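Read left to right, the sequence shown gives residues 2 to 110 (this note's numbering).
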Amino acid sequence: MAHTDVTLINDVGFYVPSAASVPVVSGDTISFATSDGSAASLFFSPDAISALSPAPEKAFTLAARASETFKFTKSTKGSYSVFVGSNGDSAPANFPKEVSQSLILVPCS
C-alpha cells in the first residue's frame with residue numbers, strides 16, 4: 002500500500018498543496034500537514050468524504066502543528082476533490098464534477 006504526504010505550503014496565508022492530485026486506491030493513505038505548523042482548513046467533496054476513513058467533515062480544520070492521515074476505502078472513479086484554505090470562510094461554492102480516480106487538491110483563498 003502506498004502513502005502520500007501532502008504538505009500545504011503557506012504562502013502569506015494562501016496554502017499551496019505539494020501535489021496537484023493523489024490516486025484514489027483502496028488501502029492507500031494520505032496525510033496533510035502545513036509547511037510552517039499553522040492551522041488550515043480543508044474542504045472535502047462529498048465523494049472524497051465517502052472514500053476516506055475516518056470520514057472527514059465537509060469542512061475539516063487541520064490544527065496548528067498537527068498532521069492528519071486518512072485511508073482510502075475504495076478504488077472506484079468519482080468526483081474527488083479537496084480545497085485548501087486559510088480559514089473556514091474560504092469554502093468553495095461548488096466542487097468540480099469531473100469524474101476520475103484521483104483526489105484533486107485545490108488551493109483557495
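Ideal Cβ positions, reconstructed from N, Cα and C, are used throughout, including at glycine.
Predicted, not measured: the structure shown is a model, and the values here were computed from it.
Per DSSP, what kind of secondary structure is residue i in: helix, strand or coil?
i, result
"aspartate 29", "coil"
"valine 107", "strand"
"valine 13", "coil"
"serine 36", "coil"
Measuring straight from C-alpha to C-alpha, what distance separates residue i and residue j?
i, j, result
"arginine 66", "aspartate 37", "8 Å"
"leucine 104", "glycine 14", "23 Å"
"glutamate 99", "valine 23", "15 Å"
"valine 25", "histidine 4", "11 Å"
"tyrosine 81", "serine 91", "18 Å"
"threonine 62", "proline 108", "15 Å"
"glycine 86", "serine 19", "14 Å"
"isoleucine 10", "threonine 35", "6 Å"
"aspartate 6", "phenylalanine 33", "6 Å"
"serine 42", "proline 93", "11 Å"
Starting from residue i and walking both ways along the beta strand (DSSP E), at which residues does that stretch end?
i, result
"proline 93", "That residue, proline 93, is in no beta strand (DSSP E); it is neither H nor E in DSSP."
"serine 22", "22-24"
Thinking C-alpha only, which one of the options is nearest residue i?
i, options, result
"tyrosine 76", "Ala56, Thr70 and Ala49", "Inspection of the sequence shows that residue 76 is occupied by serine rather than by tyrosine. Cα-wise, what sits closest to serine 76 is Ala49."
"aspartate 29", "Phe96, Phe73 and Ser54", "Phe73"
"glutamate 69", "Ser101, Phe96, Pro93 and Ile31", "Ile31"
"serine 27", "Asn88, Lys78, Val7 and Pro57", "Lys78"
"proline 58", "Gly89, Ser39, Ala34 and Thr35", "The sequence shown places glutamate at residue 58, rather than the proline named in the question. It is Gly89."
"glutamine 102", "Ala60, Met2, Pro93 and Ala52", "Ala52"
"phenylalanine 96", "Ala60, Ala64, Pro55 and Ser46", "Ser46"
Item to check | Secondary structure, alpha helix (DSSP H): runs of 4+ residues fully inside the segment 42-101 | outcome: 47-52
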